[in-house]
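Worksheet for the structure shown next.
Protein chains: 2
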Amino acid sequence: MKEEKFVLLAHGGGGKLTRELIEGLFLPYFGNPFLSPLEDSAVLNFDNLKIAFTTDSYTVDPIFFPGGDIGSLSVFGTVNDLSMMGATPLFLSASLIIEEGFPMKQLERITHSMAEACKIAGVEIVAGDTKVVGKGMADKMFITTTGVGVIPPNVSLSVFNIREGDLLILNGPIAEHGIAIMIQREGISLSGDIKSDTFPLNHMVKDILKVEGIKAMRDLTRGGLGGILCEIAEATGLSIHIEEESISIKQEVLSACEILGLDPLYVANEGKFISIVSPQSAEEVLRIMRGREEGKFAQIIGRIEKTPPGKVVLHTTIGGSRIVEMPIGEELPRIC
Amino acid sequence: MKEEKFVLLAHGGGGKLTRELIEGLFLPYFGNPFLSPLEDSAVLNFDNLKIAFTTDSYTVDPIFFPGGDIGSLSVFGTVNDLSMMGATPLFLSASLIIEEGFPMKQLERITHSMAEACKIAGVEIVAGDTKVVGKGMADKMFITTTGVGVIPPNVSLSVFNIREGDLLILNGPIAEHGIAIMIQREGISLSGDIKSDTFPLNHMVKDILKVEGIKAMRDLTRGGLGGILCEIAEATGLSIHIEEESISIKQEVLSACEILGLDPLYVANEGKFISIVSPQSAEEVLRIMRGREEGKFAQIIGRIEKTPPGKVVLHTTIGGSRIVEMPIGEELPRIC
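Here the protein sequences come in this chain order: A and B. In the numbering used here, each residue's number is its place in the first sequence (first place is 1) plus 1073. In the numbering used here, each residue's number is its place in the second sequence (first place is 1) plus 1073.
Next comes the structure, spelled out in structure tokens:
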């Protein structure tokens, strides 16, 4: 590097700059067949056992927000990353970095929330660490969780399984997590009850994996629906066509996006995922999803095509179409 | 909790307050048979496969120090925690929390250091995450690594295997890591070349595990030799007697401890460990250790007795003896 460069907020945002960091720095140094920036977990093979392994640091600000807190988020987020590979999440580690002077009551509240989240998801925290840094050396608390899950022998999900004609299914309305955080952080008061959609997806994923023809799944966290679809299109060279009118969003969330000047396509979710399935299996997957609370509003939102290669095309409600661009960084830092 | 309490630096120090936090808060909420504060890794059973699983957040300050940096430390520290359970470390995840504005050149230097450390230890980083927080919201960079290793079927190390008459072997001079950090942090200039002992112990552990009769191993990080021995004594109810004159320490490290007012027994190490072995196997373990650079100065430093129960007794060079107390917190915060 010739000129002095610095790490920017957008390098952690899950968009183009994060990709540059991964592809320009981490992959050249750590490159190995397990480390793929395109899937949500690494897949490790031990004899006949396939283990999914994933890690995430949670730096969300504020740490308490409508619909959850950093504790439940750190459990569900990692459970979901395992689930997206078709793994049954089993064990988590949790490592806490706490700012000196953090109220013990809040630590207890977060610990309680993590424990409840583990019960709901059916996982156990089996290893942990706690570090305390001086006042002003961290912002309240950060949690890093790492998850281990077992992938059933017949399951092999990957974006590289996707073919022309496959359909995209979204399990519910988008942009709730990011907007809930933003409203809480900025102290904006809006009509309507906007809550984070933080939720563990493993139970629903287990049910839909009984259907044959599921090619890949991705949860729609950093970068939102738009960012994740761009990643898939770029990685596979296929074209993803989505219908705006099929993408569900609550009216109050849409209004908040308009007020805040945010495109809901790029706003983070914590309980939404896209599954890409063969046309034959779509109806059955939809039926199963709609039978569960977290999939009640599931919809087919699009289709895989050949052209334009590597691009995401949004067909708008009024009949036009536009290319969805990969975001540069997260529009909302510290959302997860 | 009746009165308002706050998290203190010492809650992260690996001493009494850390134990209070684990036993008073985390264990009641997360309690399960895998989560033991007394071993360095959880042991997970998958059919016939025993997997060790451990996590640690590294918040060391400064991030570059004589003998290493936060990158190599985060790899070797987690490799060592797996090794202490007799596991062969295989895979690591690494999650970075970076302060906005962190120089990209330093990030590259740390990435390089992590990659080199992986080569030396023979492990691979297979999953990662990067979060960036605003300026002043974190101190430069924190790294959380989580490790997975396989425990050979015939290996089952635990402090609960220890019996009266077992011997304690220490692989070399103590207190180098903590003192190297302290000197660098405080900008103290001292004669002599004091470097951190940061080093991966897995290769030596693999060699000594060929000997039968190894009961338990613990690396001497936070809390130092004294803190870790107190934990073992308390957990097992046995008595640990150690001979001061057998505990190796470099003259310049001892002088630095005196100047800084620190008891070397409680100063952190990053390449030292204690193995507790049957009397029959001690000579063979010593021979193997001394054949390697990281065990050249290995010594038998003590013996397991019955009384006084749950206590560590130091027999001093001048012929006296004293009880070694569990430290309250880390004397040196942010050492690892």
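Yeah, the Cβ is synthetic: ideal placement off N, Cα and C, and Gly gets one too.
Helix, strand or coil for residue i? Go by DSSP, reduced to three states.
i	result
residue 1372 of chain B	strand
residue 1248 of chain B	coil
residue 1229 of chain A	coil
residue 1152 of chain A	helix
residue 1400 of chain B	coil
residue 1142 of chain A	strand
residue 1078 of chain B	coil
residue 1196 of chain A	coil
residue 1351 of chain B	coil
residue 1242 of chain B	strand
residue 1217 of chain B	strand
residue 1337 of chain B	helix
residue 1160 of chain A	coil
residue 1293 of chain B	coil
residue 1272 of chain A	coil
residue 1298 of chain B	helix
residue 1258 of chain B	helix
residue 1316 of chain B	strand
Could you confirm whether any beta carbon from chain A is found closer than 9 Å to the beta carbon of residue i?
i	result
residue 1306 of chain B	no
residue 1137 of chain B	no
residue 1379 of chain B	no
residue 1410 of chain B	Missing from the structure shown is residue 1410 of chain B; chain B here goes from 1074 to 1409 and no further.
residue 1292 of chain B	no
residue 1273 of chain B	no
residue 1146 of chain B	no
residue 1346 of chain B	no
residue 1258 of chain B	no
residue 1176 of chain B	yes
residue 1399 of chain B	no
Thinking residue i and residue j are a contact (beta carbons under 8 Å), I'd like their distance in whole angstroms, please.
i	j	result
residue 1151 of chain A	residue 1129 of chain A	6 Å
residue 1079 of chain B	residue 1215 of chain A	Not confirmed; about 17 Å, so no contact.
residue 1086 of chain A	residue 1402 of chain A	3 Å
residue 1246 of chain B	residue 1194 of chain B	Incorrect: roughly 22 Å between the Cβ atoms, too far for contact.
residue 1271 of chain B	residue 1099 of chain B	Actually they do not touch by this definition, with Cβ atoms about 28 Å apart.
residue 1183 of chain B	residue 1142 of chain B	6 Å
residue 1221 of chain A	residue 1169 of chain A	Not confirmed; about 19 Å, so no contact.
residue 1197 of chain A	residue 1105 of chain B	5 Å
residue 1239 of chain B	residue 1385 of chain B	That belief does not hold up - the Cβ atoms of residue 1239 of chain B and residue 1385 of chain B are roughly 14 Å apart, past 8 Å.
residue 1208 of chain B	residue 1181 of chain B	At roughly 20 Å, the Cβ-Cβ gap does not stay under 8 Å, so residue 1208 of chain B and residue 1181 of chain B are not in contact.
Is there at least one Cβ from chain B nearer than 9 Å to residue i's Cβ?
i	result
residue 1074 of chain A	Note that residue 1074 of chain A scores a pLDDT of 46, beneath 50, so its modelled location is shaky; the value from the coordinates is reported in the next line. It does; some Cβ of chain B falls within 9 Å.
residue 1278 of chain A	no
residue 1159 of chain A	no
residue 1339 of chain A	no
residue 1089 of chain A	no
residue 1231 of chain A	no
residue 1255 of chain A	no
residue 1368 of chain A	no
residue 1180 of chain A	yes
residue 1363 of chain A	no
residue 1413 of chain A	Here chain A has residues from 1074 to 1409 only, and residue 1413 of chain A is not among them.
residue 1333 of chain A	no
residue 1212 of chain A	yes
residue 1128 of chain A	yes
residue 1124 of chain A	yes
Let's test the definition: count the other Cβ atoms within 10 Å of the Cβ of residue i and tell me whether it reaches 16, buried, or not, exposed.
i	result
residue 1334 of chain A	exposed
residue 1074 of chain B	Note that residue 1074 of chain B scores 47 on pLDDT, short of 50, meaning its location in the model is unreliable; the coordinates nonetheless yield the value given after this. Counting Cβ neighbours within 10 Å, residue 1074 of chain B comes out exposed, since fewer than 16 surround it.
residue 1260 of chain B	exposed
residue 1103 of chain B	buried
residue 1244 of chain B	buried
residue 1406 of chain B	buried
residue 1331 of chain A	exposed
residue 1304 of chain B	buried
residue 1370 of chain A	exposed
residue 1236 of chain B	exposed
Please name the residue, chosen from the options, that lies closest to residue i on a Cα-to-Cα basis.
i	options	result
residue 1396 of chain A	A/1313, A/1358, A/1092	A/1313
residue 1319 of chain B	B/1378, B/1276, B/1391, B/1142	B/1391
residue 1293 of chain A	A/1192, A/1369, A/1344, A/1082	A/1344
residue 1276 of chain B	B/1153, B/1376, B/1147, B/1225	B/1153
residue 1219 of chain B	A/1279, A/1348, A/1211, A/1201	A/1201
residue 1340 of chain A	A/1107, A/1145, A/1204, A/1250	A/1250
residue 1408 of chain A	A/1132, A/1101, A/1083	A/1132
residue 1284 of chain B	B/1203, B/1360, B/1373, B/1381	B/1360
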